[in-house]
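A.B. asks: Counting in the working numbering, the sequence shown runs from 2 upward without gaps. Quick reminder that beta carbons are idealized off the backbone N, C-alpha and C, glycines included. A quick note: this is a predicted structure, and the numbers were derived from the prediction, not measured.
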Amino acid sequence: MSWESISLSEALRPLKSSPFTRDELNYSGGQYQNVHYGDILVRFPSVVDAEKEGLPYVSDSAEGRCSRCSLLQNGDIIIADTAEDEAVGKAIEIQGIKDQKVVSGLHTMAFRPQEGFFAPGFLGYFLNSSAYHNQLLPLMQGIKVLSISKTAIGDTVIKYPSYKEQEKIVESLSGVDAMIGALDETIAKKRMIKEGLMQQLLTGKTRLPGFSGEWKERRLDSFEIINGSMLKSSEYETGNVPVIAGGQTPAGFHSKANRPANTITISGSGAYAGFVSFHTVPIFASDCSTINNPKNADVIYLYFCLLSKQKEIYKCQAGGAQPHVHAKDIKDITIMMPASVEEQKAISGVLTKSDDEIRGIEAQRDKYALIKQGMMQDFLTGKTRLI
């Protein structure tokens with residue numbers, strides 16, 4: 002049996018939303034729960050269980066506007082209409098609504114599908130497939146922030162097989178999602194354990210066996226922190242040296258390194274000003290402060306110390322719309338260090354092992370995510386039939 006086609010405006014009826022901001026939401030309680038576009042873009046899977054996902058509540062101060070919103074039902078679709086990149090148009094299908102009153106909020110478009118056309122979960126997966134999302138690319142508007150309108154997406158096409166085959170597609174994809182979700186939960190638990198280890202080991206509250214020497218408080222200006230110069234994107238050259246500017250992910254590549262392996266970077270400006278990362282390979286540091294080969298300190302131990310101070314470093318941002326963090330801005334931050342470099346290395350070894358364990362589970366999660374992408378490409382285009 003061939004797949005059918007229907008326009009989005011024919012398949013989905015628009016619902017009413019209200020622009021609730023993050024400041025108008027809370028996680029303590031309320032009469033209404035809200036689907037926020039930020040959660041759609043970065044947190045929610047294609048199909049969201051409203052009971053298990055922990056949706057935020059609308060605060061009392063904004064609750065009056067909820068009466069003007071459509072209450073969401075199981076199977077409704079919510080699309081994020083704004084994003085900083087081509088993630089705009091990401092959609093969720095909501096399920097698991099029981100007694101809750103759920104509404105959609107800021108920068109979202111909510112729709113209700115025609116009854117009998119789509120199996121539960123199918124639209125959540127299809128609307129996030131490349132087969133559908135590619136239709137949105139020419140409809141996106143904006144430069145720094147991209148957006149898409151209800152009018153623009155009205156003529157996009159939804160393709161679907163028989164109801165029975167839709168059910169089989171959903172069953173297959175939700176099985177992989179369950180494995181990815183279980184790994185995400187394990188990663189979250191491991192990160193909490195690591196956080197606890199850092200709080201104990203980097204303060205001297207818990208000592209590793211065989212160590213009993215004194216600890217000292219050190220200011221960051223006791224280390225040599227070098228401010229990096231800005232490398233323009235036009236100056237990037239063909240090469241394999243990662244250019245680190247705004248985070249751990251390379252902003253590009255260069256032919257020469259200006260910092261050796263095992264360098265700490267602290268982003269100098271932009272949205273991630275103050276972001277701390279560590280690089281085990283030679284890098285070209287652009288617009289970030291760096292530390293390598295610190296005096297009387299293990300560089301990996303120092304990295305974990307700075308990581309534990311990440312929130313404090315972010316608070317050192319200055320500059321308003323274009324925030325920056327330079328070496329002089331963080332000089333007064335203090336850390337605790339054992340006098341023995343050997344004890345520092347032992348502590349960093351424990352924390353590195355914890356990091357390696359987390360990365361191993363993340364690699365498993367990423368493997369299943371790639372498998373899911375392939376399944377979506379095959380199942381949601383009709384390339385592979387489940388009949």
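#1: Taking only the alpha-carbon atoms, compute the straight-line gap between Arg360 and Asp367 and give it to the nearest angstrom.
#2: Counting pairs of Cβ atoms below 8 Å between the stretch 59-71 and the stretch 30-48, do you hit three or more?
#3: Look up Asp288 in the DSSP assignment and say whether it is helix, strand or coil.
#4: Whole-angstrom Cβ separation of Gly214 and Pro339, contact assumed at under 8 Å?
#5: Should Pro162 be labelled buried (16 or more other beta-carbon atoms within 10 Å of its own) or exposed?
#6: With a cut-off of 8 Å, do at least 3 Cβ pairs link the stretch 209-227 to the stretch 322-342?
#7: Report buried or exposed for Arg260, applying the criterion of at least 16 other Cβ atoms within 10 angstroms of its Cβ.
#8: According to DSSP, is Pro283 part of a helix, a strand, or is it coil?
#9: Considering only DSSP beta bridges, list what Leu9 is partnered with.
#10: Report buried or exposed for Met231, applying the criterion of at least 16 other Cβ atoms within 10 angstroms of its Cβ.
#11: Tell me which residues share the same chain as Gly383 and place their Cβ nearer than 6 Å to its Cβ, disregarding the 5 neighbours each side in the sequence.
#12: Below 8 Å between beta carbons: does that hold for Gly1 and Ser6?
#13: Does the Cβ-Cβ distance between Lys257 and Val277 come in under 8 Å?
#14: State whether the stretch 99-118 contacts the stretch 44-58, with contact taken as three or more CB pairs (one from each stretch) at a distance under 8 Å.
#15: Can you have a look at Met1 and say buried or exposed, based on whether 16 or more other CB atoms are within 10 angstroms of its CB?
#16: If we ignore side chains and look at the alpha-carbon of each, how far apart do Ser270 and Ile226 end up?
#17: Alpha carbon to alpha carbon, what distance is there between Gly275 and Ile394?
#18: Please state whether the Cβ-Cβ distance between Met376 and Ser130 is less than 8 Å.
#19: In chain order, what residues of the same chain have a beta carbon less than 8 Å from the beta carbon of Leu387, not counting five sequence neighbours either side?
#20: Going by DSSP, which residues form a beta bridge with Pro243?
#21: On the three-state DSSP scale, how would you describe Val326?
#22: Between which two residues does the beta strand (DSSP E) harbouring Thr266 extend?
#23: Could you name the residues of the same chain whose beta carbon sits closer than 8 Å to that of Leu202, not counting the 5 residues immediately before and after it, in chain order?
#24: Would Tyr326 and Ser287 qualify as a contact pair, given that the criterion is a beta-carbon distance under 8 Å?
C.D. replies: The relevant details are as follows:
#1: Within the sequence shown, residue 360 is the residue found at index 359, counting from 1. Within the sequence shown, residue 367 is the residue found at index 366, counting from 1. If you draw a straight line from the Cα of Arg360 to the Cα of Asp367, it comes to about 10 Å.
#2: At 8 Å Cβ cutoff, the stretches touch.
#3: Within the sequence shown, numbered from 1, the residue matching residue 288 stands at position 287. Note: Asp288 maps to coil in three-state DSSP.
#4: The sequence position of residue 214 within the sequence shown is 213, counting from 1. The sequence position of residue 339 within the sequence shown is 338, counting from 1. Going by Cβ atoms, the distance from Gly214 to Pro339 rounds to 6 Å, so yes, they are a contact pair.
#5: For the purposes of this step, residue 162 is identified with residue 161 of the sequence shown, where counting begins at 1. Pro162 is buried by the Cβ-count criterion.
#6: yes
#7: Start at 1 with the first residue of the sequence shown, and residue 260 comes out as number 259. By the Cβ-count criterion, Arg260 is buried, with 16 or more other Cβ atoms from all chains shown falling within 10 Å of its own Cβ.
#8: What you label residue 283 is simply residue 282 of the sequence shown in a count that begins at 1. Pro283 falls in the coil class under three-state DSSP.
#9: The residue you call residue 9 lines up with position 8 of the sequence shown. DSSP, once it has assigned bridges, lists no residue as partnering Leu9.
#10: For the purposes of this step, residue 231 is taken as the residue at position 230 of the sequence shown. Counting Cβ neighbours within 10 Å, Met231 comes out exposed, since fewer than 16 surround it.
#11: The residue labelled residue 383 in the question sits at position 382 within the sequence shown. Excluding residues within five positions, the ones whose Cβ falls inside 6 Å are Trp4.
#12: Residue 1 is absent from the structure shown; the chain starts at 2 and stops at 388.
#13: Residue mapping note: residue 257 aligns to position 256 of the sequence shown, counting from 1. Residue mapping note: residue 277 aligns to position 276 of the sequence shown, counting from 1. It is not a contact, given that the beta carbons lie outside the stated cut-off.
#14: yes
#15: Here the chain comprises residues numbered 2 to 388, so residue 1 is not present and cannot be evaluated.
#16: Along the sequence shown, one-based indexing puts residue 270 at 269. Along the sequence shown, one-based indexing puts residue 226 at 225. Going by the C-alpha atoms only, they are around 16 Å apart.
#17: An answer regarding residue 394 cannot be provided, because it is not within the stretch 2 to 388 covered by the chain.
#18: For the purposes of this step, residue 376 is taken as the residue at position 375 of the sequence shown. For the purposes of this step, residue 130 is taken as the residue at position 129 of the sequence shown. No, these two residues do not count as a Cβ contact at 8 Å.
#19: Within the sequence shown, the letter at position 386 stands for residue 387. For Leu387, where only same-chain residues beyond five positions count, the Cβ hits under 8 Å are Glu166, Lys169, Ile170, Ser173, Phe380.
#20: For this step, residue 243 is matched to residue 242 along the sequence shown. DSSP output for Pro243 lists Phe254 as bridge partner(s).
#21: Along the sequence shown, one-based indexing puts residue 326 at 325. Coil, per DSSP.
#22: Locating residue 266 in the sequence shown gives position 265, where the first residue counts as 1. Per DSSP, Thr266 belongs to the beta strand (DSSP E) from 264-268.
#23: By one-based count along the sequence shown, residue 202 stands at place 201. Cβ neighbours of Leu202 beyond the five flanking positions: Leu209, Ile348, Val351, Leu352.
#24: Taking the sequence shown and counting its residues from 1, one reaches residue 326 at position 325. Taking the sequence shown and counting its residues from 1, one reaches residue 287 at position 286. Tyr is not the amino acid found at residue 326; the sequence shown has Val there. Not closer than 8 Å, so no.
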